[in-house]
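Asker: Below is one structure. I have some questions about it.
Protein chains: 2
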Amino acid sequence: MSEETETPDVVEEREEQAYALDRKTWAGILYALDVEDPELLESLTAPMHAADIADLLEQFNPYDRGRFIRLYSGDIHGDILSELDESLREEVIRFLDPDQLAEAVRTLESDDVVDLVEDMDDADAEAILGALEDSDRVAVQQALSFPEGSAGRLMQREVVWAPDHWTVGEAIDYMRNTEDLPDQFYHIVLVDPRMRPMANVTLGRLMASRREVKLADLAEESFRVIPVTQDEEDVAYAFNQYHLISAPVVDDDGRLIGVITIDDAMIVLDEEHEEDILLLAGVTESSLSEGVIETSKSRLPWLFINMCTAVLSSIVIAQFEDTIEAFVALAVLLPIVASMGGNAGTQTLTVSVRALATRDLTAANLMRVVRREATVGLMNGVAFAVCLGIVGMVWFGMPQLGLVIAAALIVNMLVAALAGTLVPVTLDRLGVDPALASGTFVTTMTDMMGFFAFLGLATVILL
Amino acid sequence: MSEETETPDVVEEREEQAYALDRKTWAGILYALDVEDPELLESLTAPMHAADIADLLEQFNPYDRGRFIRLYSGDIHGDILSELDESLREEVIRFLDPDQLAEAVRTLESDDVVDLVEDMDDADAEAILGALEDSDRVAVQQALSFPEGSAGRLMQREVVWAPDHWTVGEAIDYMRNTEDLPDQFYHIVLVDPRMRPMANVTLGRLMASRREVKLADLAEESFRVIPVTQDEEDVAYAFNQYHLISAPVVDDDGRLIGVITIDDAMIVLDEEHEEDILLLAGVTESSLSEGVIETSKSRLPWLFINMCTAVLSSIVIAQFEDTIEAFVALAVLLPIVASMGGNAGTQTLTVSVRALATRDLTAANLMRVVRREATVGLMNGVAFAVCLGIVGMVWFGMPQLGLVIAAALIVNMLVAALAGTLVPVTLDRLGVDPALASGTFVTTMTDMMGFFAFLGLATVILL
Chain A
27 MSEETETPDV
37 VEEREEQAYA
47 LDRKTWAGIL
57 YALDVEDPEL
67 LESLTAPMHA
77 ADIADLLEQF
87 NPYDRGRFIR
97 LYSGDIHGDI
107 LSELDESLRE
117 EVIRFLDPDQ
127 LAEAVRTLES
137 DDVVDLVEDM
147 DDADAEAILG
157 ALEDSDRVAV
167 QQALSFPEGS
177 AGRLMQREVV
187 WAPDHWTVGE
197 AIDYMRNTED
207 LPDQFYHIVL
217 VDPRMRPMAN
227 VTLGRLMASR
237 REVKLADLAE
247 ESFRVIPVTQ
257 DEEDVAYAFN
267 QYHLISAPVV
277 DDDGRLIGVI
287 TIDDAMIVLD
297 EEHEEDILLL
307 AGVTESSLSE
317 GVIETSKSRL
327 PWLFINMCTA
337 VLSSIVIAQF
347 EDTIEAFVAL
357 AVLLPIVASM
367 GGNAGTQTLT
377 VSVRALATRD
387 LTAANLMRVV
397 RREATVGLMN
407 GVAFAVCLGI
417 VGMVWFGMPQ
427 LGLVIAAALI
437 VNMLVAALAG
447 TLVPVTLDRL
457 GVDPALASGT
467 FVTTMTDMMG
477 FFAFLGLATV
487 ILL
Chain B
27 MSEETETPDV
37 VEEREEQAYA
47 LDRKTWAGIL
57 YALDVEDPEL
67 LESLTAPMHA
77 ADIADLLEQF
87 NPYDRGRFIR
97 LYSGDIHGDI
107 LSELDESLRE
117 EVIRFLDPDQ
127 LAEAVRTLES
137 DDVVDLVEDM
147 DDADAEAILG
157 ALEDSDRVAV
167 QQALSFPEGS
177 AGRLMQREVV
187 WAPDHWTVGE
197 AIDYMRNTED
207 LPDQFYHIVL
217 VDPRMRPMAN
227 VTLGRLMASR
237 REVKLADLAE
247 ESFRVIPVTQ
257 DEEDVAYAFN
267 QYHLISAPVV
277 DDDGRLIGVI
287 TIDDAMIVLD
297 EEHEEDILLL
307 AGVTESSLSE
317 GVIETSKSRL
327 PWLFINMCTA
337 VLSSIVIAQF
347 EDTIEAFVAL
357 AVLLPIVASM
367 GGNAGTQTLT
377 VSVRALATRD
387 LTAANLMRVV
397 RREATVGLMN
407 GVAFAVCLGI
417 VGMVWFGMPQ
427 LGLVIAAALI
437 VNMLVAALAG
447 TLVPVTLDRL
457 GVDPALASGT
467 FVTTMTDMMG
477 FFAFLGLATV
487 ILL
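In order, the protein sequences belong to chains A and B. Count along the first sequence from 1, then add 26; that gives the number in this note's numbering. Count along the second sequence from 1, then add 26; that gives the number in this note's numbering.
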């Protein structure tokens, strides 16, 4: 075991396996804040990764966050800022004086600076851009000239490339003589004389080959070129689908202008998933650190739409007031019809939204999927119709009531299956994220159709 | 532009940017199946990535799938099998004769074979293991000896490592003289004399350094060791949180036994997300290729639980039959109370489940998050209480009815906030996936409490 590598950090990190801030460290840090002991704070936070310190800041209440930054302020470096949730960045940046901020951002790679400034207001962004060296600032401004959420925002501009006629020896000599190779790179991009990417060569194969071997003969099988304007969601999909590690980015003329690596794609994939899961529940904010007012506001629109659709369902019920007055049992059973339809609809909807995201549901198999979901809905509808028909019959002693709820349930489960597939597919065709608003549409349909079928049948059969 | 690199595949792949099977190709393939033209099929599928051919097989109906495999059967290679959805693998494997199967799996890396056989029944798994060469079979069997879903199943056993006292020159000479380096590797793992990993050196930094530089001086900052028994979910979290590209896997004594790379972690992350999003909706199957019977069966348990809880809510309503008989308007408004509470609860629940998954919600900030959600719930409750109070008053001309629905709504939104946070946290503490069953628990609470508050208040105030 040599001295250079076995630093305390490594030991500490190896011991910590759950990757969560343990209670002891948490308590220690709060104690350090209480007694205002910067050295204790330093010793507790030194082994922590920037991402964990960012998590710590996110979990603090605003008071503790302020105390932490004041006691720690010498060292809030760029990595912590770029790991921090967007909703907190501006708050933390306000604690830093201009010199500290400049120092912090100068350590960042240009794609991280882009990530940092793209959501800021102009004054804050200017302050950060002003702190950068000229060449870095130009790189960031060029990246910002691409549309938000495009490959251009995601890529690094530093690419290691070689003409496609080079040999292994030429590539190694070139790399050894180049001063400023990127910190992290995994491939050499082979380009033709017009700078168009032709293939990737992994560094591993390069190392394992003799000097006289042609780079072109080492080309990797899995090779994709990403257009700079491509949506980052499609970029993440390509990395996931084709197991890419890095992919060259090209401009409209097909010329190499940057590279995207799998770690960036993984972050996008994670964000897209988060967005889908939250949108399905009608949540647009994404952070626990968001304030009460913002959170409350961000959830209002969805609840408001839900209120309107719930009133629509009530209007359906109101048409049958006389029937309900005659048979109060109907009011008792109403929520069951709504609940079963809503649940079955949500199941189908979620499967469809996922299948659209993974491109497993396409025009080619849409009709087959709809038929499958309808059949499943009918089968489950019949199963629960039998159960609930018996419940209705036994509970209220009315065989016809059992018949009514059974028939309504079958209708509603079929509506749920159709709405759960066709609503997200339709939204997707219209260019709307299928996760958005699908939930309300589908449950509105199952509620209204369920109530109408149940109360309508009751009126015909029972009255 | 040189001949070797500009293959038809590359051109084809560059042109296809949407990453989805286009309609023309799809129609062409179906035509090839209809006229039974293996050459046309070959020419259409040749440019396709194995992952896309697997998608194609998934989107076919069983009849076309059979026709495709018969016409294509010479070439269903291992990559396609390992990309294929689990529910279809056994169906496709049954079309292959033992020689074809043996040929198919021999081309796979050992971790892909593990992925292939771990969900098979014993006879099929034996057939595949029997087709492997001895050394590969041993590797697969060793991997299978680790628990399912552990780092041991995920890792590759082929690691490039070096003693931590080596220089760049020694490492390069070693690699150039080693016959069977892995196809894809990005780091050299430095180990101490007891084979314990000390640091990672990226190949890029290695290439850029002079021969006499010590490897230890090039060690990467971000370095994590993964215990072989660690849950794959934690592995994926670590890669995502700490931006790892590859990480050494160690046995109980801390000795290097394998390596996990970011592409494996990305697949796990994707699967975990899929599981969460589906579980939240009460779906346990994950594939559109699953048959109708299996799908129907897999959705029944959740719907059954939902039926039972819906009946519980009905029982609450049944206690107030007299009140409803006196004021049928109550039956009309009931679904609104349930729907608003259910939606608010689902919003809070989803945020909590995500925050637990990303470790943003911990013991340290639980109380603060609960207070925040309760405050948001109360604020939104009051906002909608005013709206719906007015609706109730105007619609039915009864001021007291407006008051009742307003009060019930505030109670219900508060219940939704508390249940939406505390239910998933409790499940998580009990070691249950918080996404599982949270939905039913939360909506049952909001339904029952909502109906009880609404009808109870109505009984007190209106009767």
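The beta carbon of each residue, even a glycine, is placed where N, CA and C say it ideally should be. Owing to the predicted nature of the structure, the values given are computational and were not obtained by experimental measurement.
Beta-carbon within less than 7 angstroms of residue 422 of chain A's beta-carbon, same chain only, minus the 5 sequence neighbours each way: which residues are those?
Answerer: Hits under 7 angstroms: 355.
Asker: Output needed in chain order: residues of the segment 284–296 of chain A with a Cβ under 9 angstroms from some Cβ in chain B.
Answerer: Per Cβ criterion, the list reads 287, 288, 289, 291, 292, 293, 295, 296.
Asker: Taking the Cβ atom as the reference point for each residue, do residue 434 of chain A and residue 489 of chain A lie within a distance shorter than 8 angstroms?
Answerer: No. Outside cutoff.
Asker: Jot down the residue ranges of each uninterrupted beta strand (DSSP E) in the segment 259–302 of chain B, minimum 3 residues, whole runs only, in chain order.
Answerer: Whole beta strand (DSSP E) segments, 3+ residues: 272–276, 282–287.
Asker: Within the chosen definition, does the segment 151–158 of chain B reach the segment 173–187 of chain B through at least 3 CB pairs nearer than 8 angstroms?
Answerer: The segment 151–158 of chain B vs the segment 173–187 of chain B: no contact.
Asker: To the nearest whole angstrom, what separates the beta carbons of residue 373 of chain A and residue 364 of chain B, a pair I think is in contact under 8 angstroms?
Answerer: Residue 373 of chain A to residue 364 of chain B, Cβ: 19 angstroms. No contact.
Asker: In angstroms, rounded to a whole number, what distance separates the CA positions of residue 499 of chain A and residue 432 of chain A?
Answerer: Missing from the structure shown is residue 499 of chain A; chain A here goes from 27 to 489 and no further.
Asker: Under a CB-based cut-off of 8 angstroms, is residue 98 of chain A close to chain B?
Answerer: Not one chain B Cβ lies under 8 angstroms of residue 98 of chain A.
Asker: At 4 residues or longer, what runs of the alpha helix (DSSP H) sit wholly inside the segment 336–382 of chain A?
Answerer: DSSP runs (the alpha helix (DSSP H)) wholly in the segment 336–382 of chain A: 347–352.
Asker: May I ask you to report which of helix, strand or coil DSSP gives residue 188 of chain A?
Answerer: Residue 188 of chain A falls in the strand class under three-state DSSP.
Asker: What does the alpha-carbon distance come out to for the pair residue 446 of chain B and residue 464 of chain B?
Answerer: If you take the alpha carbons of residue 446 of chain B and residue 464 of chain B, they lie about 8 angstroms apart.
Asker: Per DSSP, residue 253 of chain B is paired with what?
Answerer: According to DSSP, which records beta bridges pairwise, residue 253 of chain B is partnered with B/276.
Asker: Taking residue 71 of chain A as part of the beta strand (DSSP E), name the residues at either end of that continuous run.
Answerer: Here residue 71 of chain A belongs to no beta strand (DSSP E); instead the alpha helix (DSSP H) covers 64–71.
Asker: Whole angstroms are fine: how far does the CA of residue 76 of chain B sit from the CA of residue 142 of chain B?
Answerer: Distance between the alpha carbons of residue 142 of chain B and residue 76 of chain B: 15 angstroms.
Asker: Where in the segment 150–202 of chain A do unbroken runs of the alpha helix (DSSP H), each at least 4 residues long, occur, reported from the N-terminal end onward?
Answerer: The segment 150–202 of chain A contains these whole alpha helix (DSSP H) runs: 160–170, 177–180.
Asker: Would you kindly work out how many angstroms separate the C-alpha atoms of residue 192 of chain B and residue 240 of chain B, rounded to a whole number?
Answerer: Residue 192 of chain B and residue 240 of chain B: Cα-Cα distance of roughly 6 angstroms.
Asker: Please state the DSSP three-state secondary structure of residue 245 of chain A.
Answerer: The answer is coil: DSSP assigns residue 245 of chain A none of H, G, I, E or B.
Asker: At least one CB of chain B closer than 8 angstroms to the CB of residue 361 of chain A: is that the case?
Answerer: Judged by the 8 angstroms Cβ criterion, residue 361 of chain A is in contact with chain B.
Asker: For residue 449 of chain A, I'd like the list of residues in its chain whose CB is within less than 6 angstroms of its CB, leaving aside the five on either flank, ordered along the chain.
Answerer: Correct list, in chain order: 464, 467, 468.
Asker: Does the beta-carbon distance from residue 390 of chain A to residue 52 of chain B come in below 8 angstroms?
Answerer: Yes, the pair counts as a contact, with Cβ atoms nearer than the cut-off.
Asker: Return helix, strand or coil for residue 488 of chain B, following the three-state DSSP convention.
Answerer: Correct three-state label for residue 488 of chain B: helix.
Asker: Output the boundary residues of the alpha helix (DSSP H) element that contains residue 405 of chain A.
Answerer: Unbroken alpha helix (DSSP H) run through residue 405 of chain A: 392–422.
Asker: So, does the CB of residue 79 of chain A fall closer than 8 angstroms to a CB anywhere in chain B?
Answerer: It does not: the Cβ of residue 79 of chain A has no partner Cβ on chain B nearer than 8 angstroms.
Asker: In whole angstroms, what is the alpha-carbon distance linking residue 185 of chain A and residue 177 of chain A?
Answerer: Taking the straight line from one Cα to the other gives about 15 angstroms.
Asker: Thinking residue 138 of chain A and residue 288 of chain B are a contact (beta carbons under 8 angstroms), I'd like their distance in whole angstroms, please.
Answerer: In fact, because the Cβ distance is near 18 angstroms, the residues do not count as touching under 8 angstroms.
Asker: Just to confirm, are residue 494 of chain B and residue 246 of chain B a CB contact at a threshold of 8 angstroms?
Answerer: The requested residue 494 of chain B does not occur in the structure, where chain B is confined to residues 27 to 489.
Asker: Counting C-beta neighbours from all protein chains within 10 Å, is the total for residue 149 of chain B 16 or more, i.e. buried, or is it exposed?
Answerer: Label assigned to residue 149 of chain B: exposed.
Asker: Could you check whether the Cβ of residue 24 of chain A sits closer than 8 angstroms to any Cβ belonging to chain B?
Answerer: In the structure as shown, chain A begins at 27 and stops at 489. Residue 24 of chain A is therefore absent and cannot be evaluated.
Asker: Can you find the residues in the same chain that come closer than 6 angstroms, C-beta to C-beta, to residue 258 of chain A, ignoring five residues on each side of it along the sequence?
Answerer: Once the five neighbours on either side are set aside, the close Cβ partners of residue 258 of chain A are 175, 180, 294.
Asker: Do you know offhand how far residue 234 of chain B's Cα is from residue 202 of chain A's?
Answerer: The straight-line gap from Cα to Cα measures roughly 5 angstroms.
Asker: Would you mind reading off the limits of the beta strand (DSSP E) that contains residue 216 of chain A?
Answerer: Here the beta strand (DSSP E) through residue 216 of chain A covers 213–217.
Asker: Just how far apart, CA to CA, sit residue 437 of chain B and residue 475 of chain B?
Answerer: Cα-Cα distance, rounded: 8 angstroms.
Asker: For the candidate residues B/71, B/85, B/97, whose alpha-carbon lies nearest to that of residue 61 of chain B?
Answerer: Looking at the Cα atoms, B/97 is the closest of the given residues.
Asker: Mind listing the chain B neighbours of residue 326 of chain A? Cutoff is C-beta to C-beta under 8 angstroms, in chain order.
Answerer: Within chain B, the residues near residue 326 of chain A are 406, 409.
Asker: Rounded to the nearest angstrom, how far is the Cβ of residue 152 of chain B from that of residue 170 of chain B, given a contact under 8 angstroms?
Answerer: About 12 angstroms; that fails the 8 angstroms criterion.
Asker: Taking 8 angstroms as the threshold (C-beta atoms), are residue 250 of chain B and residue 264 of chain B in contact?
Answerer: Contact: yes.
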